[in-house]
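Here the sequence shown is numbered in the numbering used here, starting from 5 and rising by one per residue.
Note that beta-carbon positions come from the ideal geometry of N, C-alpha and C, so glycine has one too.
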Amino acid sequence: LESLYDRVLVLKSVAVGMPFKDFEQGGTDDSLVKLSSKVGAKVLLVDFWASWCGPCRAENPNIVAIYNDYKDKGFDIFGVSFDTNRDKWIEAIAADKLTWSHVSDLKGWGNGAGKLYGVQSIPHSILLDQNGTIIAKNLRGQELRDKVAELLQ
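Next up, the structure:
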């Protein structure tokens, strides 16, 4: 178990205003993909989710709608899955029409990127600007849409 002190250090390192922490995990085609390969979009949503997470799946239609409305204006998404079952992960991406980049180490709650970002529940999201600075966390629904619209005006 990590100590409270260690937890505080992790959370401080990924607070709003801090630079992103890079990681690399396997994509849906088994290639390794780094978060840094996606940084540079005007606004990048790092979306921690899983196929078995009801609230995540319920939020997906909203994320898809925002993506479709803003992908041509500089908005991108990097999905990080807490799945352990590769087939269910791939099926959920297809079923929910999540057409952006996805990665997972298929370690469930042991996901390395999740640990790096102090994720303790999903859905969990981080919004990065084009320099890779964390500008918001855990926005959903209309709040997320409003923030993306504001940043891309």
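Report yes if the CB atom of residue i is closer than 9 Å to the CB atom of residue j, and no otherwise.
| i | j | result |
| --- | --- | --- |
| residue 86 | residue 48 | no |
| residue 12 | residue 121 | no |
| residue 74 | residue 104 | no |
| residue 132 | residue 152 | no |
| residue 107 | residue 84 | yes |
| residue 30 | residue 102 | no |
| residue 37 | residue 28 | yes |
State the Cα-Cα distance for the pair residue i and residue j, rounded to the nearest angstrom.
| i | j | result |
| --- | --- | --- |
| residue 100 | residue 60 | 11 Å |
| residue 95 | residue 55 | 8 Å |
| residue 146 | residue 69 | 11 Å |
| residue 126 | residue 53 | 6 Å |
| residue 39 | residue 138 | 13 Å |
| residue 16 | residue 25 | 12 Å |
| residue 35 | residue 142 | 28 Å |
Identify which residue in the options has its Cα closest to the Cα of residue i.
| i | options | result |
| --- | --- | --- |
| residue 80 | 27, 9, 129 | 129 |
| residue 43 | 134, 142, 84, 149 | 134 |
| residue 157 | 108, 77, 95 | 77 |
Identify whether residue i lies in helix, strand or coil by the three-state DSSP scheme.
| i | result |
| --- | --- |
| residue 156 | helix |
| residue 81 | strand |
| residue 50 | strand |
| residue 41 | helix |
| residue 23 | strand |
>> Closer than 8 Å is the cut-off here; do at least three beta carbon pairs connect the stretch 15 to 29 with the stretch 59 to 67?
In response: As far as the Cβ criterion goes, the stretch 15 to 29 does not touch the stretch 59 to 67, which means the pair count is below three.
>> Contact between the stretch 90 to 97 and the stretch 112 to 126 is defined here as three or more beta-carbon pairs at a separation below 8 Å; is this criterion met?
In response: Result no; under three Cβ-Cβ pairs closer than 8 Å.
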